[in-house]
Structure formats: structure tokens, C-alpha cells
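For reference, each letter of the sequence shown is one residue, going 1 to 403 in UniProt numbering.
Below is one structure, written out as C-alpha cells; the observations come after it.
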Amino acid sequence: MHMKILHLLSTIDPRAGGPTEGVRQSGLSLKSMGHEVEVVTLDDPHAPWLATFPLTVHALGPSKGNYGMCPRLVPWLREHASRFDAVIVNGLWQYHSYGTWKALRGIGVPYYVFPHGMLDPWFKRTYPLKHLKKWLYWPWAEYRVLRDAERVLFTAEEERVLARESFSLYRANEEVVAFGTNPPPTDASALRAHFLAQYPQLAGKRLILFLGRIHEKKGCDLLIEAFASVRDFDPRAHLVMAGPDGGEWQAQLQTLAEKLGIADRITWTGMLGGDMKWGAFHASDAFALPSHQENFGIAVAEALGCSLPVLISDKVNIWREVQTDGAGIVGTDTVEGAANMLRAWLTMHPADAAKMRTQALATFTKRFTVDAMSHDLVRVLRQGALNRNAAFAERPRTASVER
Numbered sequence: 001m002h003m004k005i006l007h008l009l010s011t012i013d014p015r016a017g018g019p020t021e022g023v024r025q026s027g028l029s030l031k032s033m034g035h036e037v038e039v040v041t042l043d044d045p046h047a048p049w050l051a052t053f054p055l056t057v058h059a060l061g062p063s064k065g066n067y068g069m070c071p072r073l074v075p076w077l078r079e080h081a082s083r084f085d086a087v088i089v090n091g092l093w094q095y096h097s098y099g100t101w102k103a104l105r106g107i108g109v110p111y112y113v114f115p116h117g118m119l120d121p122w123f124k125r126t127y128p129l130k131h132l133k134k135w136l137y138w139p140w141a142e143y144r145v146l147r148d149a150e151r152v153l154f155t156a157e158e159e160r161v162l163a164r165e166s167f168s169l170y171r172a173n174e175e176v177v178a179f180g181t182n183p184p185p186t187d188a189s190a191l192r193a194h195f196l197a198q199y200p201q202l203a204g205k206r207l208i209l210f211l212g213r214i215h216e217k218k219g220c221d222l223l224i225e226a227f228a229s230v231r232d233f234d235p236r237a238h239l240v241m242a243g244p245d246g247g248e249w250q251a252q253l254q255t256l257a258e259k260l261g262i263a264d265r266i267t268w269t270g271m272l273g274g275d276m277k278w279g280a281f282h283a284s285d286a287f288a289l290p291s292h293q294e295n296f297g298i299a300v301a302e303a304l305g306c307s308l309p310v311l312i313s314d315k316v317n318i319w320r321e322v323q324t325d326g327a328g329i330v331g332t333d334t335v336e337g338a339a340n341m342l343r344a345w346l347t348m349h350p351a352d353a354a355k356m357r358t359q360a361l362a363t364f365t366k367r368f369t370v371d372a373m374s375h376d377l378v379r380v381l382r383q384g385a386l387n388r389n390a391a392f393a394e395r396p397r398t399a400s401v402e403r
């Protein structure tokens, strides 16, 4: 069954992280399977990242304010949504989710929602004032968005369970689906050499790679403090902090590193893409993400695909799979937890470390490929279509149709 699928995102700026990359990769995978995929975003049509996005994009912005108000969204969806078999909303708390609910009510086009971790109770505990503001419009906006969705799609069982804890008023037709990313390029030696040519001072070091937004949610401060406590286990150990500054936090972290006396053992690369990103993975010894909240973590899957053991907190929602398979080391999202993971890795017997590297790739191949994600998503969308057709066939001919 050939399907026409429409994804909605507040932005496709690559700095936005996982949801954008997930849509890009799954969209290309779905196209290769013979489906049609288009994307609606609230970006300004002149945004520079639109030109390189590989899928058909309808940029309806510019949007206004932190909420992303976009007056063109609802009229566009009411005019065009009937062309599609399914509409998929990626992320919450921006106008694109509420606008989709508003536009599609009563017109018979089903929509699905990927919350992408945005219902995690960590946000409620960490930003109580923001959570209070969300409560003010939860009953008339996001609650209805989830309640009326054909399915609310979670990328791990952990995410589904946690989502119920943020708001007491919650209704959703839940389903857990596979999530994944493309297999990394295989020319590891050339990519490693490309990265080290840009950072020759890192040659011969035992690199622990963080790759993601430099943001408090990611536990960057925990990683730096933990590294300071274990630095003497291996004088070759060196941190690579790769990613865009997610809120002018990097300067504070660099000051912290200076105070701890490890500034010379941390390299800050900024955001890496393409061959430089893959080169960083292949030049590294392990990948570290002691995050306080992480829905899936595409970078975690990419690291596994590069045969990198992952040192992750138990707040990264795929931690159970990693721990079960022995593809990395799991700890708490504390300085002590991060230090325990680093210490365990730096002191691990070489034979055990080699076994973990082999298992990392096996875990990626088994669980986290984009093709597995695409097939599972199509399964859900097709089942939804079959259920709707069956329900429609059973309705009395004279019955009025309401949503």
C-alpha cells in the first residue's frame, strides 16, 4: 500500500537536534520504499537550511513569538491535508501541534503525534514556572492534541510510561514504535584521519566524545566534574565536547574546567557535521551522555553504529536496551554516576572493551536502524487506515459522521 505522509515540525534547523534529523532520515528511507513524504515547517521561507533539506518542504513562516504562532498553517492544512494518508506532528508546545488539531478536526484526515520526549516529567521538576505556564493552556491545547490523535507514538517503553507523569489530565491512544538512524559510513580510517587533521593535538589521545547540544539537560557539567575526578586513571584520556551552545552555557562550563584544572584536557569543537562528525566518532574511544532527560538520542545510536561503547545515564530512554545487550555502561545522572561510568571504562580489561565494541555495532544493527523505524511506522499507519476503513464500512448509511 503506497502512502502519502506529511510531517509537521516547528523548524528543520539542524541545530534543533533529534526530531529534525529523525524526520530527514526516516523521510528518505520511506521514499526509498516507494512512499511519498512532504514536510511542513513554521520556518521563514528564506531560512538558509531549507535549500539543503532533501525532502519537499512547505515553509509557512515566519512564525511569531516563543510559541511560534503561524497564521498560514491552519488554512494550508485545511486546503492540502486531504492529499495525505497520514499527518505526523513532531514535538509539542509549539503552534504546529495545536494548529494541526484545529485544522483537522472533522475533516477525516488522521494525525499522529511523536512527543519526542517533550512530556518527560524532568521538565516539570526542573522548570516549575514553565510547567505552570504549560498547565494554563494544557487543557485546551496539548491535551486535546493528544486525546484526538489517531495514535501517540513513543520511541521507547520508558518514554511512554514517563509521559503519564507530567499532567494529571491525560488521555492518549498510545503505541511504542521503533526509532533509528542511518548506518554510519564505513570508511572509518579515512574519516578518523580527516578529523585528526583538523585537531592534530588529539592524535594518540584516548578520546571520550560528547556530541550534542551544550545544554544543562545533557549533563555536560556532570561529565566535566566526573572527568576531573578520574583523569589520573589514564593520562591519555581527553574529553571532546562537540555541539552547538544551547544557551550560552559553554562559557560557564569552560570556567568550570579551568577551576578543576582540566581545561587542557578538553577540546571544544562546536557543532560538527558530515565527515567531521563521523570522524569524531571513529577517532574516539567511547561516547558519553550523562543526560538528565533524553528521549531516544540519535547520537547514541550513531555512536553504537560506529562500534563505540556508550556511557549513558539511566535517563536516556534506551538505556535498558544498552544495558541488556552489554553495549555500554549505564549510570545515574549525577557526578558520581558519571564518574563511575568513566572509571569503569578507563580501567576495563582490553579484551572486555573489545567485546563491548563488537556488541555496540550488533545492538545498533538489531535495534536502531532507520529502515526498522520506517517499516514499523508504516505498519502503524497502515493499521490505522485499515481500522478507519473497517469502521467506516460498518456505519449505517444514514448516520451522521462526527469526529
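C-beta: ideal position from N, C-alpha, C; glycine also.
DSSP places residue 114 in the strand class (E or B) of the three-state scheme. With contacts defined by Cβ atoms closer than 8 Å, residue 30 and residue 374 form a contacting pair. Across the structure, residue 165 and residue 204 are spaced so that their CA atoms are roughly 46 Å apart.
With respect to residue 208, residue 237 sits close: the two C-beta atoms are nearer than 8 Å. Runs of the beta strand (DSSP E) lying entirely within the region 215-279, each at least 3 residues long, are 237-242, 266-270 in chain order. Listed in chain order, the non-local C-beta contacts of residue 158 below 6 Å within the same chain comprise 317, local neighbours out to five positions each way being set aside.
Relative to the Cα of residue 190, the nearest Cα in the group 282, 44, 96, 101 belongs to 282. Check the Cα spacing between residue 175 and each of 56, 163, 135, 81: the tightest is with 163.
In this structure, the beta-carbon distance from residue 339 to residue 193 does not fall below 8 Å.
Residue 65 counts as exposed, since fewer than 16 other C-beta atoms from the protein chains shown sit within 10 angstroms of its C-beta.
In this structure, DSSP gives residue 354 a helical state, which the three-state scheme calls helix. Taking a 10 Å sphere around the C-beta of residue 352, we find fewer than 16 other C-beta atoms and assign the residue as exposed. Looking at the backbone, the Cα of residue 349 and that of residue 356 are separated by about 11 Å. A straight line joining the alpha-carbon of residue 102 with that of residue 74 spans about 7 Å. Straight-line measurement puts the Cα of residue 134 at about 10 Å from the Cα of residue 128.
Bounds of any alpha helix (DSSP H) do not take in residue 205, whose DSSP letter is neither H nor E. A direct Cα-Cα distance of roughly 33 Å separates residue 108 from residue 49. Contact check for residue 307 against residue 360 passes: the beta carbons are separated by less than 8 Å.
Only residues of its own chain outside the window of five on either side were considered, and among them 103 have a CB closer than 6 Å to the CB of residue 78, listed in chain order.
According to DSSP, residue 369 shares a beta bridge with 181. DSSP, reduced to helix, strand and coil, places residue 329 within a strand of the structure shown. Sorting 217, 213, 247, 364 by C-alpha distance to the C-alpha of residue 241 places 213 at the top.
One alpha carbon belongs to residue 234, the other to residue 23, and they sit about 40 Å apart. Scanning the region 64-147 for uninterrupted alpha helix (DSSP H) segments of 4 residues or longer gives 73-80, 95-104, 121-126, 128-137, 142-147, listed from N- to C-terminal end. Between residue 8 and residue 89 the beta-carbon gap is near 5 Å, inside 8 Å, which marks them as a contact. The continuous alpha helix (DSSP H) containing residue 195 extends over residues 188-198.
By the 16-neighbour rule on beta-carbons within 10 angstroms, residue 1 is exposed. Residue 151 is classed as buried because its beta carbon has at least 16 other beta carbons within 10 Å across all chains shown.
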